[in-house]
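In the numbering used here, the protein residues as written are 6 to 261.
All C-beta atoms in this analysis are idealised placements derived from N, C-alpha and C, irrespective of residue type, glycine included.
Keep in mind it's a predicted model, so treat the numbers as computed, not measured.
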DNA sequence: ATGGTGGCTTAGCCA
């Protein structure tokens with residue numbers, strides 16, 4: 006079972022790049038973030054044509070997450086519990102082939118002095134509480150998405166320069182660790198403990214060409230999913246295309 | 001150095 010996650014920064018702007026990638030890589034499941042459109046504006050046909058079922062939520066111009074799957078999508082949950090005031094389209098989960106998969110778009114945080122920053126930290130707390138429940142339910146679990154945090158110095162292009170900035174602030178890294186430490190595994194680090202690789206590069210200042218990236222897109226796996234983990238790949242090819250997303254997909258393969 | 005890029009939606013926000 007090949008599962009991928011990709012922040013596409015508008016699905017309507019990215020249809021040719023995403024469909025070409027699906028045809029080449031043939032994942033069983035693709036988790037999308039930042040689709041940036043209402044459900045009725047999501048271009049479903051090109052993906053249904055490639056034999057994907059789709060579960061999605063969205064809002065105008067912001068956020069939006071989806072699950073594309075060749076197998077049937079069952080028991081969809083489309084909101085992260087814990088904050089009745091939060092109506093943002095940032096979380097969807099479902100069961101596919103016996104695996105509980107989730108697509109999460111953690112708030113960016115905007116700036117350290119913005120109210121969005123404590124909202125981001127609280128979102129991590131809610132995700133931890135919910136993931137704990139999912140672990141207790143016992144199904145193999147894979148939570149993929151844009152976590153908007155680079156966990157360690159090996160996940161940023163310049164740890165000294167970036168220390169304390171958004172997506173690499175100690176408070177965010179601590180939230181990441183307390184999430185992982187409930188008993189989850191960073192799939193990429195499980196197969197590549199030392200490798201420096203990134204999943205996001207700013208559009209500005211030739212960041213991709215200069216290698217100025219961050220690893221902020223992750224898969225967190227339950228022990229039973231980790232037992233089945235064969236490979237994890239960050240595929241930079243889509244980031245090299247014309248009119249790319251600023252993120253590139255992460256792909257992991259679980260034994261059947 | 002307070003810019004730089006991109007995708008919304010339409011000049012301002014968010015990333």
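For residue 229, the uninterrupted alpha helix (DSSP H) run begins and ends at 228-231, by DSSP.
Your pair residue 203 and residue 219 checks out as a contact, with CB atoms roughly 6 Å apart and the cut at 8 Å. Cα atoms of residue 114 and residue 52: separation of roughly 31 Å, rounded to the nearest angstrom.
Across the structure, residue 147 and residue 240 are spaced so that their CA atoms are roughly 19 Å apart. Taken through DSSP and simplified to helix, strand or coil, residue 190 comes out as strand. Residue pairing by DSSP places residue 252 opposite 205 in a beta bridge. The Cβ-Cβ distance between residue 99 and residue 109 does not fall below 9 Å. With a 10 Å radius around the Cβ and a threshold of 16 neighbouring Cβ atoms, residue 161 comes out buried. A distance below 9 Å separates the beta carbons of residue 153 and residue 221. A Cβ-Cβ contact shorter than 9 Å links residue 12 with residue 251. Pairing residue 223 with residue 10 gives a Cβ-Cβ distance under 9 Å.
Counting only runs of 4 or more residues that sit fully inside the segment 83-161, the alpha helix (DSSP H) segments are 121-142, in chain order. By the 16-neighbour rule on beta-carbons within 10 angstroms, residue 138 is exposed. If the five residues before and after residue 134 are omitted, its C-beta is found closer than 8 Å to the C-beta atoms of 86 and 87, all from its own chain and listed in chain order. Ranked by Cα distance from residue 216, the first of 197, 244, 169 and 77 is 244. Boundaries of the alpha helix (DSSP H) harbouring residue 27: 20-30, taken from the DSSP string. Going by DSSP, residue 176 is part of the alpha helix (DSSP H) stretching over 175-185. Here residue 145 really is in contact with residue 227; their C-beta atoms are around 6 Å apart, less than 8 Å. Secondary structure at residue 195: helix, using DSSP grouped into helix, strand and coil. Here DSSP, grouped into helix, strand and coil, assigns residue 54 to helix. Between the C-alpha atoms of residue 18 and residue 47 there is a straight-line separation of about 11 Å. The beta carbon of residue 167 sits closer than 6 Å to the beta carbons of 161 and 173 from its chain, once the five residues preceding and following it are set aside; these are given in chain order. DSSP links residue 224 through a beta bridge to 149. In this structure, DSSP gives residue 164 a helical state, which the three-state scheme calls helix. Residues of the same chain with a CB within less than 8 Å of the CB of residue 77, apart from the 5 flanking positions on each side, are 58 and 101 in chain order.
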